[in-house]
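A.B. asks: Its first residue numbered 6, the sequence shown is counted upward by one per residue in the numbering used here.
All C-beta atoms, glycine included, are put in the ideal place defined by N, C-alpha and C.
One structure is given below, represented as C-alpha cells, and several questions about it will come after.
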Amino acid sequence: MVERYNPNAIEKKWQKIWDKEKTFKTVMDKSKDKFYGLVEFPYPSGAGLHVGHPRSYTALDVISRKRRMQDQVVLYPMGFDAFGLPAENYAIKNKIHPKIVTEENIANFTRQLKSIGFSFDWDRMIDTTDPDYYKWTQWIFVQMFKKGLAYKKEFPINWCPSCKVGLANEEVVGGKCERCGSEVEHKIRNQWMLKITEYADRLIDDLDTVNYLDHIKQQQINWIGRSHGAEIDFQIKDKENKLKVYTTRPDTIYGATYMVIAPEHEIINELADSIENLEEVKAYKDAANKKSEFERTEMNKDKTGIELKGLKAINPVSKEEMPIWVSDYVMITYGTGAIMAVPAHDTRDYEFAKKFNLAIREVVKGGDVSKEAYTDTENGEIINSKLINGLKVDEAKEKIIQILEKEGLASKKTNYKLRDWVFSRQRYWGEPIPMVYCEDHGWTPVDEKDLPVKLPEVENYEPSGDGSSPLADIEEFVKTTCPICGKPAERETDTMPQWGGSSWYYLRYMDPKNDEALVGKEEEAFFGPVDWYNGGNEHTTLHLLYSRFWHKFLYDIGVVSTKEPYMKRTSHGMILGENNEKMSKSRGNVVNPDDIVANYGADTLRTYEMFISEFDKSVAWSDEGVNGIRKYLDRVWRLLDILVDGGHYSEDLEVLINQTIKKVSDDIENMKFNTAISQLMILQNAFVKKNQVTRKELETYLILLNPFAPHITEEMWEKIGNTEQLANQNIWPSYDENKLVADEIDLPVQVNGKMRGKLKVSVNEDKDKIIDLAKQDENVNSFIEGKEIVKLIYVPGKILNIVVK
Ligand code: ANZ
6 MVERYNPNAI EKKWQKIWDK EKTFKTVMDK SKDKFYGLVE FPYPSGAGLH VGHPRSYTAL
66 DVISRKRRMQ DQVVLYPMGF DAFGLPAENY AIKNKIHPKI VTEENIANFT RQLKSIGFSF
126 DWDRMIDTTD PDYYKWTQWI FVQMFKKGLA YKKEFPINWC PSCKVGLANE EVVGGKCERC
186 GSEVEHKIRN QWMLKITEYA DRLIDDLDTV NYLDHIKQQQ INWIGRSHGA EIDFQIKDKE
246 NKLKVYTTRP DTIYGATYMV IAPEHEIINE LADSIENLEE VKAYKDAANK KSEFERTEMN
306 KDKTGIELKG LKAINPVSKE EMPIWVSDYV MITYGTGAIM AVPAHDTRDY EFAKKFNLAI
366 REVVKGGDVS KEAYTDTENG EIINSKLING LKVDEAKEKI IQILEKEGLA SKKTNYKLRD
426 WVFSRQRYWG EPIPMVYCED HGWTPVDEKD LPVKLPEVEN YEPSGDGSSP LADIEEFVKT
486 TCPICGKPAE RETDTMPQWG GSSWYYLRYM DPKNDEALVG KEEEAFFGPV DWYNGGNEHT
546 TLHLLYSRFW HKFLYDIGVV STKEPYMKRT SHGMILGENN EKMSKSRGNV VNPDDIVANY
606 GADTLRTYEM FISEFDKSVA WSDEGVNGIR KYLDRVWRLL DILVDGGHYS EDLEVLINQT
666 IKKVSDDIEN MKFNTAISQL MILQNAFVKK NQVTRKELET YLILLNPFAP HITEEMWEKI
726 GNTEQLANQN IWPSYDENKL VADEIDLPVQ VNGKMRGKLK VSVNEDKDKI IDLAKQDENV
786 NSFIEGKEIV KLIYVPGKIL NIVVK
C-alpha cells in the first residue's frame, strides 16, 4: 500500500519545482508550431481571485498543457489590468497611494494563481500601471493623434453635483450616483475622442476571417449597427426648408403618413415663427433632455409626442401633405434626426400612430395591419404605391431611390450605430493622455523620446471639484513647455479609460521587456496572432471591438503583420452561488478559491470547474460536487496499489483505452471538458474492476489527466520511476483508428437480396446506427435513395437486408 493522497504537500512541491526550473518558460523555436492561448487578465481587486476566474484560466491551461505535450511552443501568459476605479476610490477613502494598494493586490493574486498550478510563463507578467508598459499605451495614442484618429470634442460627462465628480457609466445606477444617490447631471466637457467609426466596415467585414462563436460575431455586428438605406428630402409646405430623413425602407414611402423629428432638431428654431404651439414644443423638448437615451429608445415604453402646429411636409412621390410631430423616440444623434413614419410597417411608428390616432396605410401586402405592423421584407409585395406597385421590397427600394435621385431628392446612405469612442476620464488612476496645449500650436503630442508621461506622486486623489481630474491641481504636472516652440504650455490632465491598456496587452506578452518597440518584429511574426482567446461574455462586445480597432490601426502603421488580433474567441458561462444567484459579498454566497485549494487541493478545484457543466453554460457551485471530484482523485491515486509491470495495454482494455485517448483529445479541443473527464472516470473504473493496471496503461492515463490535474499526475509519474517531468515532454498519446470499435467485422449489406456493400461495424452494433451507416455508404445508398424502405432485416454480426419498393 502506498501512502494516502495528500494534495497539499504534493501541490506545493510541484509548484516550487515549476517556479525554480521555469518549466513553463516560453522560448521561441521556429522549427516548431506555436500556440498562443490567451485569457482575459484580471483587475486585481482587493477581494482577490473569484472562483469564476479559474474557470477560464483552467480551460486554456488544459488546452495549453495538452499542446505542449504535442510538441508545440506554447505562449500562455498572465498579467494585470490594474488601472481603474476601485483602487482609486479606495485610495481616496484611506489616503493610500493606489500604487501601493495595487501592488499588494497583484501580489495576492499572483500567490493565488500560483497556488492553482496554472502553467503561465511568469517571466512575461505584465501590469498596465507599470510606466514601462503604459509608455506604449501612450505611444499608440500619439500615433493615433498623428494619423488624425484622436481629436477633441465637446461631450457630456455624467456629473454628480453633490460629490462634485465625473462618474463612469458603471457608477450611474438608474440615473443616480452610485455613492450618494443624487440625481446625475450632464456636464459638457472638451474630451478626447478616438475615431473608431473610421474602422466600422473593416470591423464587420473582417469577422469573416476569424473563428468566433456565432453569438459573439453577432454582438460585434449589432454594436456597430451598419444599415443601408437612403436620405430623402421632404419639402416643407410654403417654405424654403426641406426636411431630410434617413430611412432603410424607401419602398414604403407611399405608406408614410406623418413625419417625426427629434426634440433637438434645428428646424424647430429655424421655423419657430411659424410654429403655433411653440411654448408647448419647448416644454416637451426640456422634458426629453432629462431622459437617458436608453429610456427614450426602450421598445415597450409609452410613446410621447407633440405635433408641430402650423407646419406640413409634402410627400415627394404622392405629393400628399403630412403632419410633422416631435417625439423623443427619434434620436438626434442617429441618421438625420428626422424620419418619415410608416406605421403600417414599423412597430414604433405603429404604436405612436395608434396612440395619437394617425393614419395607417398598408403599402406592403402580407400581414394584417389592423392588428400590428407588418415588417417582413422577404415576402412582402408592394401595393397602393403608384410608381412601384407589384414589386418586391428589394426591387422597390432600388426603384424609388432611382426616381428620387433623378430629381435630386434622395441619395443612398449607409449609417452606423457605432459612435466615436470617448477616451477621456477625469480621474487620477489611469494613463495620462500624453498631450500638451500651447497657445500658438494648439494640441501637440509629447515627444516620443519623453514618453512615458508618468503619473505624479500626490497626496490627494480627490477630483478637483470642477469636473477635472486630480491632476489638474498639481502645478508641477500641468506646467510644461510646448514640444514645438518651447514656450510655456499646459499638459492634458485627463487620463485614459481602463479600456486603453487592455486594448493591446496580448501584443506585449510576446515581447514584454522590449524597450525599443512595443513588440519586436520577429516575436510578433512568430507568436501572433492569438490562436485562442477565452473570456467572459461581458467582454465580447466592447473590449473585443476596441482591441480589434487598435490592432487594425497598428496593422495600418506597420507594427503588426495580421489584420486581426484573435483567431478564435470563446466564452465561458458564469459560476453562480450554491443558491443559484450571482455570487456577491452582500448575498453571502461567495466561494473563495483559497478555501477550496486548502481543503481539497488545487487539482480538485481545477477538475471540478472543468467537470461542473458544459463550459459555456452558467452553473451553480456545489460543495458536494467538489467532494465528488476529490474522491475521484483519491481513486486515481490508489491505482498505484494495483500497478503491475507491463509495457502494453491489456487486450480486454485496448478498445476502451483507444476510445479514451480519442475522446479526451477531441473533447479538450472542443471545450467539452466535462465529457472528457467522464470518459477518464470510466477508464479508471475499468482498471479497478479488473483490479490491475499495467505500467503502460497508467502512464497513458496520467498523461491524459495531466492537463486537468497536473500536480497529482506529475507526482504519480515520478513515483512510478520517471525522472523527466510530464509537462515538458512531447508525449501526448495517439490512438489506433482500428482499435476504436470492439470486435469489428465486415457486415454484408443487401438491397432486395442483392449484395451492395460491406460495413465495418462492431458485432453488436445497434440497429439504428447500422441503418445510418448503410445510408452513408455511397453504393448502398444509390440503391435506396428516394425509395420507400418497406422492410429491414438485421441479424447482428451476420447481415443487413433492406427491402425497398
Ligand atoms: C421609414 C421606415 C419604414 C423605417 C419601415 C423602418 C421601417 P436602422 O436599421 O436602425 O438603421 N430611424 C431613422 N433615423 C432614426 C432616428 N434618428 N431615431 C429613431 N429612428 C430612426 O433603422 C433605420 C430606420 O429607423 C429608418 O427607416 C427610420 O424608420 C428609423 F417600414 O424609415 B425607417
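1. Less than 9 Å separating the beta-carbons of Y370 and I388?
2. So A343 and V368 are supposed to be a Cβ contact under 8 Å. How far apart are they, rounded?
3. When you compare each of E444, D646, A691 to T665 by their alpha carbons, which one comes out closest?
4. Determine the direct distance from the alpha carbon of A364 to that of A358, and round the result to whole angstroms.
5. Among the candidates A747, A625, V649, whose CA atom is the shortest distance from the CA of V660?
6. Using DSSP with H/G/I as helix, E/B as strand and the rest coil, what is L208?
7. For H233, which of R254, Q689, K222 has the nearest alpha-carbon?
8. N389: beta carbon under 8 Å from a heavy atom of the ligand ANZ?
9. Considering just the uninterrupted stretch of the alpha helix (DSSP H) at H653, what are its terminal residues?
10. With burial defined as no fewer than 16 other Cβ atoms inside 10 Å of the residue's Cβ, what is the status of P136: buried or exposed?
11. Go ahead and label P502 buried or exposed: buried means 16 or more other beta carbons lie within 10 angstroms of its beta carbon, across all protein chains shown.
12. Nearest to S69 by CA position, among N113, F125, L523, is which residue?
13. So is the beta-carbon of M74 under 8 Å away from any non-hydrogen atom of the ligand ANZ?
14. Enumerate in chain order the residues of its own chain whose CB-to-CB distance from L792 is below 7 Å, with the five nearest sequence positions on each side excluded.
15. For W23 and V483, I'd like the C-alpha separation in whole angstroms.
16. Going by alpha carbons, who is nearest to H556 out of L512, L797, I601, E723?
17. Going by DSSP in three states, G57 sits in which element: helix, strand or coil?
18. Starting from G447 and walking both ways along the beta strand (DSSP E), at which residues does that stretch end?
19. Give the C-beta separation of L811 and D608 to the nearest angstrom, bearing in mind that I take them to be a contact with Cβ-Cβ under 8 Å.
20. Note the first and the last residue of the continuous alpha helix (DSSP H) segment covering S120.
21. Mind checking whether Y466 and W434 have CB atoms under 9 Å apart?
22. Tell me whether S670, by its Cβ, gets closer than 8 Å to a heavy atom of the ligand ANZ.
23. On a Cα-Cα basis, can you pick out the residue from Q196, K296, K324, M345 that is closest to D333?
24. Given 8 Å as the limit, is there contact between the segment 597-605 and the segment 236-247, that is, 3 or more CB pairs closer than that?
25. Could you tell me if the beta carbon of K422 falls within a distance shorter than 8 Å of some heavy atom in the ligand ANZ?
26. For I226, does the count of other Cβ atoms within 10 angstroms reach 16, so buried, or fall short, so exposed?
27. Going by DSSP, what residue range makes up the beta strand (DSSP E) through F40?
28. Below 9 Å between beta carbons: does that hold for V322 and K247?
29. Taking the beta strand (DSSP E) that K417 falls in, what are its first and last residues?
30. Measuring from the CB of Y334, is there a heavy atom of the ligand ANZ at a distance below 8 Å?
31. Check for me: the beta strand (DSSP E) holding N539 runs from which residue to which?
32. At the level of alpha carbons, what is the spacing between E325 and E383?
33. Am I right that K417 and A235 are in contact with their C-beta atoms under 8 Å? What's the rounded C-beta distance?
34. Use the C-beta contact count for E629: other C-beta atoms within 10 angstroms, 16 or more gives buried, fewer gives exposed.
35. Please determine whether the Cβ atom of T338 lies at a distance below 8 Å from any heavy atom of the ligand ANZ.
36. Beta carbon of M264: closer than 8 Å to some heavy atom of the ligand ANZ?
C.D. replies: Straight from the coordinates:
1. The sequence shown places Lys at residue 370, not Tyr. Yes, Cβ-Cβ distance for K370 and I388 is below 9 Å.
2. That pair is no contact at about 20 Å.
3. Comparing Cα-Cα distances from T665 to each of E444, D646, A691, the minimum goes to A691.
4. Roughly 7 Å between the two C-alpha positions.
5. Taking V660 as reference, the option from A747, A625, V649 with the minimal CA-CA separation is A747.
6. Three-state result, L208: helix.
7. Selected option, being the one with the closest Cα: R254.
8. Not a single heavy atom of the ligand ANZ lies less than 8 Å from the C-beta of N389.
9. Run containing H653: none; DSSP gives neither H nor E here.
10. With fewer than 16 other CB atoms across the displayed protein chains lying within 10 angstroms of its CB, P136 is exposed.
11. Its Cβ being crowded by 16 or more others within 10 Å, P502 is buried.
12. Taking only the C-alpha atoms, the option nearest S69 is F125.
13. M74: no, Cβ never under 8 Å from the ligand ANZ.
14. The sequence shown places Lys at residue 792, not Leu. Excluding positions up to five away in sequence, the list reads V809, K810.
15. Inter-residue distance for W23 and V483 is about 47 Å (C-alpha atoms, whole angstroms).
16. Per the Cα distances, L512.
17. For G57, the secondary structure class from DSSP, reduced to helix, strand or coil, is helix.
18. Taken as a continuous stretch (DSSP letters only), the beta strand (DSSP E) holding G447 covers 447-450.
19. Past the edges of the chain, shown from 6 to 810, lies residue 811, and the structure says nothing about it.
20. Annotation: the continuous alpha helix (DSSP H) that includes S120 extends over 103-120.
21. In this structure, W434 lies closer than 9 Å to Y466 by Cβ.
22. Checking the Cβ of S670 against the ligand ANZ gives no.
23. Nearest to D333 by C-alpha distance, out of Q196, K296, K324, M345, is K296.
24. Flag = no, the segment 597-605 and the segment 236-247 do not touch.
25. Relative to the non-hydrogen atoms of the ligand ANZ, the Cβ of K422 comes within a distance shorter than 8 Å of at least one.
26. I226 is exposed by the Cβ-count criterion.
27. That run of the beta strand (DSSP E) goes 39-44.
28. Contact flag unset, no.
29. First-last of the beta strand (DSSP E) with K417: 415-420.
30. For Y334, the Cβ falls inside the 8 Å cut-off from some heavy atom of the ligand ANZ.
31. That run of the beta strand (DSSP E) goes 537-541.
32. Cα-Cα distance, rounded: 28 Å.
33. K417 to A235, Cβ: 5 Å. Contact.
34. In the assembly as shown, E629 is an exposed residue. Its beta-carbon has fewer than 16 other beta-carbons within 10 Å.
35. Answer for T338: yes, Cβ within range of the ligand ANZ.
36. M264 Cβ: outside cutoff for every heavy atom of the ligand ANZ.
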